[in-house]
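K.L.:
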Amino acid sequence: MKMTNTKKELLAIADSCVKCGICAPHCPTYTHTQNENESPRGRIALIQAWAGGQLNMTDNLLEHIDSCLLCRACEKACPAVVPYAKLIDDFRAEMHGEQSTPLSVRLVKTFAENKRVQRWAKSGLKFYQQNNLQKTVRFLRLPNLLGLGELERLVPNYQDTQPLQNYYPATNEIKGDVGLFVGCMGELFDFETVNAAITVLTHVGFNVYLPETQTCCGAIALHEGDSETAQTLAKQNQTAFANENLQAIITIASGCGGTLKDYAPKVVDISHFLSQFELDLKPLTTNIRVHSPCTLKNVLKTDKSVLKLLKQIPDANISSLPETTQCCGAAGSYSLRHDKMAQTLLNELLETSLEKPADYLVSSNIGCALHIAAGLRERGENITVVHPIVLLAKQLAN
Ligand code: SF4
Ligand code: SF4
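FYI, in the working numbering the residues of the sequence shown are 21 to 418.
The structure is reproduced here in structure tokens:
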């Protein structure tokens, strides 16, 4: 039987795994299921056997691969430097269209890729929440009946937003120009962070550019195996941020940063970028716990910069969640497809977070922040989940 190029490429990556199993204890799905098929090594072996013609494609096989969070903890731990994420992305692209996509995932993907839909969603969300419709809909359990329960629980309270400008000049001595990547969620679900990022960057001395043609980073399309759409979005962002004068392309969601980094140079997470500057900040007597999203820890690898930056706030009591803390379960569209595993991981993370007193839980990724905030809300915990940059912006001393 003739082997396709894709299968040859998948085999070449899978063959670089020496099956040592060092990655296994780092894998959240393996930790919880103790099933080798739900471990990095097991998933690699399954793809290897399928690409090599020893295994037929079955729903079961697809499900084992699909249950991977793509948190990339295994990749970070792997001594053989197996490019695990590329293997899964390529496999998903090859399987695109073989699996049904839940309505909630289709809605999120459409929202992410279409600015007109984002504008409709903004008016829709306002109407939904400000006319008591949400309470009624939740009471009737309509989202659950439509298979949208998981998506609906993530939706934060509507915030009035101002239209974003394409350019914000530095408000202090000029240090240079930067681009700001807002992503598909920023304007509607995380305007506070977008605003804070502009405030702090201009305060530090940067002219901030927000190219109007920037679009979704493509992470959701990639997760869904839609490599064609992901490539189109990548090209659009490359063109949008082509200005050579930009010193950096700043991201405020590490999930976007992890994807952008693969196709755009100069991508840097905002906390890492700002941690090189000394800021004049007002004291804040409060307890802050720091959550490090997988994309910041395992892909951008700049999670320590958040701590370094926040420690500049006088009087704040800052503590990171333990190094061993695993993925929160949000993982792009993962929680919409695998709600049970996502909930298990979330519960575990919340237990760890609540071990020490916290007024704020900071997270550098909007997807994780919404997932964690929903969990805290459901438990009746009065902890504010914010992006670190929001706290920083509030403490700026003139
Ligand atoms: S992915 Fe890396 S760590 Fe895991 S079994 Fe293969 S070689 Fe070992
Ligand atoms: S990416 Fe995460 S969930 Fe997937 S195999 Fe690796 S450690 Fe496990």
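Just so it is clear, CB atoms sit at the ideal spot from N, CA and C, and this is done for glycine as well.
1) Taking 8 Å as the cut-off, decide whether the C-beta atoms of lysine 302 and alanine 417 are in contact.
2) In whole angstroms, what is the alpha-carbon distance linking threonine 26 and glutamate 114?
3) Return yes when at least one heavy atom of ligand 1 lies under 7 Å from the C-beta of valine 102, else no.
4) Who are arginine 309's beta bridge partners in DSSP?
5) Taking the alpha carbon of glutamine 185 as the point to measure from, which residue in Phe201, Glu172, Pro342 has its own alpha carbon closest?
6) Buried or exposed: where does serine 120 fall if 16 or more other Cβ atoms within 10 Å of its Cβ makes it buried?
7) Candidates Ala93, Ser59, Lys106: which alpha carbon is nearest glycine 41's?
8) Return the CA-CA distance between leucine 330 and asparagine 337, expressed in angstroms with no decimal places.
9) For the candidate residues Thr181, Thr235, Thr24, Gly169, whose alpha-carbon lies nearest to that of leucine 280?
10) I want to check one thing, is the minimum distance from the CB of proline 48 to the heavy atoms of ligand 1 below 7 Å?
11) Going by the beta-carbon positions, is the gap between alanine 273 and lysine 129 smaller than 8 Å?
12) May I have the straight-line CA-CA distance separating alanine 284 from glutamate 83, to the nearest angstrom?
13) Return yes when the Cβ of alanine 100 is within less than 8 Å of the Cβ of cysteine 37, no when it is not.
14) Can you name, in chain order, every residue of its own chain whose Cβ lies under 8 Å from the Cβ of threonine 51, other than the five neighbours on each side?
15) Can you grab the Cα-Cα spacing for the pair tryptophan 70 / isoleucine 308, in whole Å?
16) Output the boundary residues of the alpha helix (DSSP H) element that contains alanine 417.
17) Is it true that the region 349-369 meets the region 165-184, where meeting means three or more beta-carbon pairs spaced less than 8 Å apart?
18) Please state whether the Cβ-Cβ distance between asparagine 291 and serine 383 is less than 8 Å.
19) Excluding five sequence neighbours on each side, which residues of the same chain lie with their C-beta closer than 8 Å to the C-beta of asparagine 57?
20) Name the two residues that bound the continuous alpha helix (DSSP H) containing aspartate 110.
21) By the 10 Å Cβ neighbour count, where 16 or more other Cβ atoms means buried, how is proline 189 classified, buried or exposed?
22) Can you name the start and end residues of the beta strand (DSSP E) that alanine 100 belongs to?
23) Please name the residue in Val319, Ser339, Glu244 whose C-alpha comes closest to that of proline 428.
24) Going by DSSP, which residues form a beta bridge with alanine 268?
25) Taking only runs that begin and end inside the region 381-407, name each unbroken alpha helix (DSSP H) of 4 or more residues, in chain order.
26) For my contact list, leucine 369 and cysteine 348 are in at a C-beta cut-off of 8 Å; report their separation, rounded to the angstrom.
27) Flag this pair as yes or no: are the beta carbons of threonine 222 and alanine 260 separated by less than 8 Å?
28) Would you say the beta carbon of leucine 369 is closer than 7 Å to some non-hydrogen atom of ligand 2?
29) Could you tell me if the beta carbon of arginine 63 falls within a distance shorter than 7 Å of some heavy atom in ligand 2?
30) How big is the Cα-Cα spacing for glutamate 432 and methionine 23?
31) Among Ile270, Arg139, Thr305, which one has its Cα closest to the Cα of proline 231?
32) Give the C-beta separation of lysine 328 and serine 373 to the nearest angstrom, bearing in mind that I take them to be a contact with Cβ-Cβ under 8 Å.
33) Counting pairs of Cβ atoms below 8 Å between the region 386-394 and the region 204-222, do you hit three or more?
34) To which residues of the same chain is cysteine 94 closer than 7 Å at the C-beta, ignoring the five residues directly before and after it?
35) Using alpha carbons as the reference points, say which of Ile108, Gly167, Cys98 lies closest to aspartate 246.
36) Classify lysine 112: buried if its beta carbon has 16 or more other beta carbons within 10 angstroms, exposed otherwise.
P.N.:
Reading off the structure:
1) For the 8 Å CB-CB criterion, lysine 302 and alanine 417 form a contact.
2) Using only the alpha carbons, I get a separation of about 8 Å.
3) Under cutoff, so the answer is yes.
4) Ser339, Leu381, per the DSSP bridge assignment.
5) Taking glutamine 185 as reference, the option from Phe201, Glu172, Pro342 with the minimal CA-CA separation is Phe201.
6) Exposed, by the Cβ-count rule.
7) Looking from the CA of glycine 41, the closest CA among Ala93, Ser59, Lys106 belongs to Ser59.
8) Roughly 10 Å separates the two Cα atoms.
9) Closest option to leucine 280, judged by alpha-carbon separation, among Thr181, Thr235, Thr24, Gly169: Thr235.
10) Ligand 1 never approaches proline 48 closely enough for any of its heavy atoms to be under 7 Å from the residue's Cβ.
11) No, the Cβ-Cβ distance between alanine 273 and lysine 129 is not below 8 Å.
12) In this structure, the straight-line span from the alpha carbon of alanine 284 to that of glutamate 83 is close to 32 Å.
13) In this structure, cysteine 37 sits near alanine 100, with a CB-CB distance shorter than 8 Å.
14) Around threonine 51: Pro45, Gln346.
15) In a straight line, the C-alpha of tryptophan 70 is about 47 Å away from that of isoleucine 308.
16) According to the DSSP assignment, alanine 417 belongs to no alpha helix (DSSP H), since it is labelled neither H nor E.
17) Per the Cβ contact rule, the region 349-369 is in contact with the region 165-184 (3 or more Cβ pairs under 8 Å).
18) Contrary to the premise, residue 291 reads as serine rather than asparagine in this sequence. If you check the CB distance, serine 291 and serine 383 do not come in under 8 Å.
19) The beta carbon of asparagine 57 is closer than 8 Å to those of Arg63, Leu66, His84 in its chain, skipping five residues each way along the sequence.
20) It spans 104-115 - the alpha helix (DSSP H) in which aspartate 110 sits, taken as one unbroken run.
21) Proline 189 should be labelled exposed.
22) Judged by DSSP secondary structure, alanine 100 falls outside any beta strand (DSSP E); it is assigned neither H nor E.
23) Because the chain is modelled from 21 through 418, residue 428 falls outside the range shown and cannot be assessed.
24) Per DSSP, the beta bridge partners of alanine 268 are Val198.
25) With a minimum length of 4 residues, the continuous alpha helix (DSSP H) runs that stay inside the region 381-407 are 386-398.
26) Sure, about 5 Å apart at Cβ, within 8 Å.
27) Contact flag unset, no.
28) Because no heavy atom of ligand 2 lies under 7 Å away, the Cβ of leucine 369 does not count as near it: no.
29) Distance from the C-beta of arginine 63 to the nearest heavy atom of ligand 2 is below 7 Å.
30) The chain is shown only over 21 to 418; residue 432 falls outside these bounds and no answer can be derived.
31) Closest by alpha carbon: Ile270.
32) Going by Cβ atoms, the distance from lysine 328 to serine 373 rounds to 21 Å, so no, they are not a contact pair.
33) Result yes; three or more Cβ-Cβ pairs closer than 8 Å.
34) Once the five neighbours on either side are set aside, the close Cβ partners of cysteine 94 are Cys43, His46, Cys47, Pro60, Tyr104.
35) With distances taken between Cα atoms, aspartate 246 lies closest to Ile108.
36) The question names lysine, but residue 112 in the sequence shown is arginine. It counts as buried.
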